[in-house]
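S.K.: My questions will all concern the structure given below.
2 protein chains.
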Amino acid sequence: MDAEAIKRSLEGSGLRCTPQRYAVMAFLMENNSHPTAAEIFEAVNQVDPRSSRATTYNNLRDLVKAGLVREVAVEGRAARFDAKGMRHHHFICDRCGNVEDIEWYDVPRPASGSLDKRILRECEVIFRGLCAKCAPRHASR
Amino acid sequence: MDAEAIKRSLEGSGLRCTPQRYAVMAFLMENNSHPTAAEIFEAVNQVDPRSSRATTYNNLRDLVKAGLVREVAVEGRAARFDAKGMRHHHFICDRCGNVEDIEWYDVPRPASGSLDKRILRECEVIFRGLCAKCAPRHASR
DNA sequence: ATATAACATTAGATATAGTCTAAATTACTT
DNA sequence: AAGTAATTTAGACTATATCTAATGTTATAT
C-alpha cells in the first residue's frame, strides 16, 4: 500500500490527490471487504473527522468513472465498492448481501451474432448463494 | 401467454392468483424489456386503474421470492425485473442502464476450492458496454 | 352456505440511498 | 506567489423502496 503509488494512480487518471480522495482510495486498497459508501464514509471519518458524505459519494463516482474502482449493485441494498486490483469475479450472499471475491478466470464470450450492434466493454460473473457465515444456519432471514 | 398457465404457476408457488399479481406476472411474461417497478406499476394501472404502488412492490417481491421472476440490480438506477422463462444472461448498457437478454450458455464453475464453505445457488454473467441505441453516438452522457 | 383464518391490498408515512446546489476552499500550474 | 480550475461542504432535495395498520378477499372447514 505505497502512498506514492496511490497518488500516482490518481494523477494518472487526471484526478487530484486530495486527502479525502486519497483516504477513500487507500481504504479500498487495504480492504477487500467490498464496503458500502456509508461504511467507507464512516471509516474515512475516523481518520480525518472532517469529510462529508457528499464528498465520499463524489469521490466514489469519480474513482469508478476513472476505472480505478468497481461498483457492484446488490438487489435491494446499497451498492458496494472495491479497488480494481487483481481481476476477480464476485459472490453475493442471498441472505446478508455481502460481496466476496472469487478467483478470476476467463469466461467465454457468447456466440458472436448475439451481441450484434452492441459495444462490449466487459463481462463479469456473479455467483449467488449463501456465504460461509450464512450457510450453516439456513434459518431466519 | 395462456392465462391458465400463469394462474397455475402462481398457485404452484403457493401464491394466490389475485388480479394485481396476475397483472404483474402477465406483463412480465409478455414483455422481455426488463421494466422497473415504476414502469410495471404504470403499465398495470392502465389496465386496471385500481392498484397501488405498494402492491406492485409487494407482488414483485413475492414473485422473486417464489423464483418466478428475476430481479436485476443496476448501478445507480432502479432495479429491473424479468419473468424467469428461458434462462439467459444479461447485457447492461453503461449509458442508459437498459437491460437486455443475451442467449444462455453454460459458464464453467471456478476451481472447486474457491467456493469452499459457501453454498452456490446460481451463476450469472453480466455483459457491459453500450447498447445498440447508445453505441453510434458515444457523445454526451 | 357461512364462518373463519390466512392472505392480499391500500394510502400514506417513513426509511434508505444517493444527488444537487452554491458558496468556500484547496491543489496544481506558471 | 498568484491564478484557476477542481474539490469540498452542509444541508436540502430526489428517487427508490418499505412499513403500518386498517380494510378487503379468498380458501377451507364446518
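Residue numbers (numbering that gives the first Met the number 0), protein chains in the order written: chain S, 0 to 140; chain Y, 0 to 140. Glycine included, each C-beta is placed from N, C-alpha and C at the ideal position.
What are the complete alpha helix (DSSP H) segments, minimum 4 residues, inside the region 5–51 of chain S?
M.R.: Fully enclosed alpha helix (DSSP H) runs of 4 or longer: 18–29, 36–46.
S.K.: Enumerate in chain order the residues of its own chain whose CB-to-CB distance from S/R69 is below 6 Å, with the five nearest sequence positions on each side excluded.
M.R.: Within the same chain, S/R69 has close Cβ partners D81, K83.
S.K.: Since S/V23 contacts S/N58 with CB under 8 Å, what's their CB separation in whole angstroms?
M.R.: Between S/N58 and S/V23 the Cβ distance is about 5 Å, and since that is below 8 Å, they are a contact.
S.K.: Below 7 Å on C-beta distance, what does S/Y104 contact in chain Y?
M.R.: Going along chain Y in sequence order, the residues near S/Y104 (Cβ under 7 Å) are P109.
S.K.: Give me the chain Y residues within the contact set of S/F80, using Cβ-Cβ distance strictly less than 9 Å, ordered along the chain.
M.R.: The contacting residues do not exist; S/F80 stays about 10 Å from chain Y at best.
S.K.: Would you kindly work out how many angstroms separate the C-alpha atoms of S/S50 and S/N44, rounded to a whole number?
M.R.: Answer to the nearest angstrom: the Cα atoms are 6 Å apart.
S.K.: Which value, in whole angstroms, describes the spacing of the CA atoms of Y/R108 and S/H89?
M.R.: Using only the alpha carbons, I get a separation of about 12 Å.
S.K.: Return no unless some Cβ of chain S is closer than 8 Å to the Cβ of Y/A134.
M.R.: True, the Cβ-Cβ gap to chain S drops below 8 Å.
S.K.: Taking only the alpha-carbon atoms, compute the straight-line gap between Y/F40 and S/D105 and give it to the nearest angstrom.
M.R.: If you take the alpha carbons of Y/F40 and S/D105, they lie about 39 Å apart.
S.K.: By a C-beta neighbour count over all protein chains shown, 10 Å radius and 16 as the cutoff for buried, is S/A72 buried or exposed?
M.R.: Buried.
S.K.: By the three-class DSSP mapping on this structure, what secondary structure does Y/R76 have?
M.R.: DSSP places Y/R76 in coil when its eight states are reduced to three.
S.K.: Taking a contact to mean a Cβ-Cβ separation below 8 Å, would you say Y/R94 touches Y/H33 in this structure?
M.R.: The answer is no: Cβ separation not under 8 Å.
S.K.: So which residues of chain Y does S/V116 contact, with C-beta pairs closer than 7 Å?
M.R.: Per the sequence shown, residue 116 of chain S should be read as Lys rather than Val. Residues of chain Y passing the Cβ test: A131, A134.
S.K.: Using the Cα positions of S/D100 and Y/V46, report the straight-line distance between them to the nearest angstrom.
M.R.: S/D100 and Y/V46: Cα-Cα distance of roughly 45 Å.
S.K.: Since Y/V124 meets chain S, which of its residues come closer than 9 Å, beta carbon to beta carbon?
M.R.: Within chain S, the residues near Y/V124 are V106, P109, C122, E123, V124, I125.
S.K.: List the residues of chain Y whose Cβ lies closer than 7 Å to the Cβ of S/R62, in chain order.
M.R.: According to the sequence shown, residue 62 of chain S is Leu rather than Arg. Neighbours of S/L62 on chain Y: none; closest Cβ ~13 Å, over 7 Å.
S.K.: Going by DSSP, which residues form a beta bridge with Y/R60?
M.R.: For Y/R60, which the question treats as bridged, DSSP gives no partner whatsoever.
S.K.: Applying the criterion that 16 or more other CB atoms from any shown protein chain within 10 Å of the CB defines a buried residue, is S/L119 buried or exposed?
M.R.: When all chains shown are included, S/L119 counts as exposed.
S.K.: Of the residues Y/A131, Y/K116, Y/G66, Y/C122, which one's Cα is nearest the Cα of Y/W103?
M.R.: Comparing Cα positions, the closest option is Y/C122.
S.K.: Label S/A37 either buried or exposed according to how many other C-beta atoms from any shown protein chain fall within 10 Å of its C-beta, with 16 as the threshold for buried.
M.R.: Counting Cβ neighbours within 10 Å, S/A37 comes out exposed, since fewer than 16 surround it.
S.K.: For Y/F126, which residues from the same chain have a beta carbon less than 8 Å from its beta carbon, with the 5 sequence-adjacent residues on both sides left out?
M.R.: Correct list, in chain order: H88, H89, F90, I91, I101.
S.K.: Under a Cβ-count criterion, where at least 16 other Cβ atoms within 10 Å of its own Cβ denotes burial, should S/T55 be classed as buried or exposed?
M.R.: Counting Cβ neighbours within 10 Å, S/T55 comes out buried, since at least 16 surround it.
S.K.: Do Y/L27 and Y/C16 have their C-beta atoms closer together than 8 Å?
M.R.: No, these two residues do not count as a Cβ contact at 8 Å.
S.K.: Look at the alpha carbon of Y/T35 and the alpha carbon of S/A53, and state the distance between them as a whole number of angstroms.
M.R.: Going by the C-alpha atoms only, they are around 26 Å apart.
S.K.: Pull the bridge partners of Y/R69 from the DSSP assignment, please.
M.R.: Looking at the DSSP assignment, Y/R69 forms a beta bridge with Y/D81.
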